[in-house]
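Written below as structure tokens is the structure these notes are about.
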Amino acid sequence: LAHYGSAPRACQPYRAKTKGKVERPFRYVRQDFFLGRSFRDLDDLNAQFDEWRGTIANLRVHATTGRVVDEHFAEEKPKLLPLPQRPYDAVLTVERRITQEGMVAVGGNQYSVPDTTKRRIVEVQSHPTEVRIFEDGQLIAAHPVLEGKNQRRVDPGHRKPVPAARKEAMAMASPIDAPVAKRPLAFYEAVGRRLASSVEGRL
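Be aware that the sequence shown starts at 1, since it is given in the UniProt record's numbering, and climbs by one per residue.
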């Protein structure tokens with residue numbers, strides 16, 4: 001609310017009259033506009049509401065002030081403060097632990113953080129189209145929101161490059177495929193008898 005230059009004021013408990021002027025307009029809209037209407041979609045609802053507001057709601061004489069709503073508002077409008085140039089950025093902020101693989105879980109998906117991240121717990125901001133990750137107040141990663149669940153997104157810039165010497169060694173390395181000796185069962189039976197005889201001789 002502070003973003004728009006206003007502040008909340010708590011009403012007294014069990015004193016309905018202290019907030020009646022705030023709640024009453026919603027009852028009027030519900031009973032006079034919504035009752036008996038149907039809408040194809042949100043655009044149709046907005047169009048019907050604009051027409052109702054301009055031809056009925058704002059042209060009526062207010063029961064309390066005794067004045068036409070539009071005329072009264074025209075007098076108050078010059079005294080209203082302008083809206084901020086930027087709308088308030090509604091964002092969900094949570095803390096998340098970094099996995100051993102350098103990933104952070106958000107909304108059922110995983111997003112990478114730089115290998116240079118020092119802390120194990122970071123701050124995550126979930127925006128409608130972007131996930132932003134902060135360490136000590138500094139932005140360290142930004143990812144587009146992944147669709148669905150169990151998805152992973154790794155920013156290549158978050159991972160340290162593999163040294164050229166190590167890449168070459170990995171390319172030249174060949175898998176170990178040592179042959180395993182195959183012996184008949186009689187061989188193992190003989191070994192077992194020999195071990196048993198050795199143990200009995202020591203007893």
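C-beta atoms are modelled at their ideal positions from N, C-alpha and C, and glycine is treated no differently.
Every value quoted in this text rests on a predicted model; they were computed, and no experiment measured them.
Segment limits, alpha helix (DSSP H) that includes residue i
i	result
glutamine 48	42 to 55
phenylalanine 73	69 to 76
Proximity of residue i and residue j at Cβ, strictly below 8 Å
i	j	result
proline 161	isoleucine 140	no
histidine 143	valine 124	no
arginine 153	valine 122	no
glutamine 48	phenylalanine 39	yes
tyrosine 4	leucine 83	yes
glutamate 101	arginine 119	no
leucine 59	aspartate 70	yes
isoleucine 133	valine 94	no
Residue i, enclosing beta strand (DSSP E) - first and last residue
i	result
threonine 93	92 to 97
glutamate 135	130 to 135
asparagine 109	109 to 112
proline 184	Careful: proline 184 lies outside any beta strand (DSSP E) and carries neither H nor E.
valine 104	103 to 106
alanine 63	Element bounds for alanine 63: n/a, residue is neither H nor E.
glutamate 123	121 to 126
leucine 139	138 to 144
Candidates the options, of which the one nearest residue i by Cα
i	options	result
valine 106	Phe187, Asn150, Arg67	Asn150
valine 145	Gln138, Gly157, Asn109	Asn109
valine 91	Leu81, Gln85, Arg120, Ser126	Ser126
leucine 45	Asp136, Phe33, Gly157	Phe33
alanine 2	Pro87, Val94, Gln12	Pro87
serine 6	Leu81, Gly192, Asp155, Glu189	Leu81
alanine 57	Asp41, Pro78, Phe26	Phe26
isoleucine 98	Gln85, Asp89, Thr117	Thr117
proline 128	Ala10, Glu147, Gly137	Glu147
Supposed contact pair residue j and residue i - C-beta distance, whole angstroms, cut 8 Å
i	j	result
threonine 65	histidine 72	6 Å
arginine 53	valine 61	Rounded, the Cβ-Cβ distance is 15 Å, inconsistent with contact.
serine 112	aspartate 155	5 Å
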